[in-house]
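The opening residue of the sequence shown carries number 7 in this note's numbering; numbering runs sequentially from there.
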Amino acid sequence: MPERYEITVPSDLANLACIAEFVTHAALRLGLSEQQAFEVQMATDEACANVMEHAYGPGVAGSLSIACELEGDDLVVTIRDRGRPFDAKRVPPPDLTRPLADRRVGGLGLHFMHKLMDRVVFHHDAETGNELRMYKRRSP
7 MPERYEITVP SDLANLACIA EFVTHAALRL GLSEQQAFEV QMATDEACAN VMEHAYGPGV
67 AGSLSIACEL EGDDLVVTIR DRGRPFDAKR VPPPDLTRPL ADRRVGGLGL HFMHKLMDRV
127 VFHHDAETGN ELRMYKRRSP
């Protein structure tokens with residue numbers, strides 16, 4: 007039976023440290039290097055913070071399920087929630103050429119997730135909610 011690690015936590019920013027520890031542990035157990043585990047943890051932290059802040063919003067009760075497992079040579083992190091739907095295609099890419107003072111606050115989360123992970127896939131289903139799958143190829 008393949009190894010799978012899963013945790014469900016309330017949608018509260020105070021749980022980000024617990025999620026980070028969980029994801030780092032799972033990534034290392036599933037054969038990623040320390041650097042790769044750190045990158046997975048950073049991308050997961052950003053994704054979970056986005057769910058907590060945007061899908062649910064402040065003071066809204068909800069939960070997130072985070073699962074880590076291998077698919078071939080890829081570690082797959084799956085984050086599920088029942089918050090507001092998110093369409094990643096509607097988020098414009100950040101203009102990294104503009105001076106910092108001229109950039110809008112925020113908006114780099116998706117950029118970081120795509121830079122840190124090999125593949126990022128969003129899906130929404132009216133019955134099951136939101137699902138984000140992030141893939142990280144294990145180093146040989």
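Beta carbons are placed, not taken as given, at the ideal position from N, Cα and C, and that holds for glycine.
8 angstroms Cβ cutoff met for residue i and residue j
i: LEU81; j: ARG125; result: no
i: ASN136; j: ARG86; result: yes
i: LEU138; j: MET48; result: no
i: VAL29; j: THR50; result: yes
i: VAL83; j: VAL127; result: no
i: GLU9; j: GLU77; result: no
i: GLN42; j: ALA33; result: yes
Reduced DSSP category for residue i - H, G, I as helix; E, B as strand; rest coil
i: LEU38; result: coil
i: MET123; result: coil
i: VAL66; result: coil
i: ASP18; result: coil
i: THR134; result: coil
i: GLU75; result: strand
i: PHE92; result: coil
Selected residue, minimal CA-CA separation from residue i, among the options
i: PHE3; options: HIS31, ALA73, GLU75, CYS24; result: Summary: the structure shown does not reach residue 3, with the chain confined to residues 7 through 146, and so no result is reported for it.
i: GLU12; options: PHE118, LEU70, THR134, MET48; result: LEU70
i: LYS95; options: HIS117, TYR141, GLU77, LEU38; result: HIS117
i: ASN56; options: GLU75, PRO91, GLU9; result: PRO91
i: GLY63; options: MET119, PRO16, HIS130; result: PRO16
i: THR134; options: ILE25, MET140, ARG88, GLY115; result: ARG88
i: ILE72; options: ILE25, HIS120, ASP131; result: ILE25
i: ASP18; options: MET119, LEU36, GLY68, VAL46; result: GLY68
i: LEU38; options: ASP79, HIS120, GLY115; result: ASP79
i: GLU59; options: GLU9, GLN41, GLY115, CYS74; result: GLY115
i: LYS142; options: THR14, GLU40, ALA132; result: GLU40
i: PRO146; options: ALA132, ALA61, LEU36; result: LEU36
Residue i CB to nearest heavy atom of the ligand SAM below 7 angstroms
i: ALA49; result: Of ligands this structure carries none, so the ligand SAM is not represented either.
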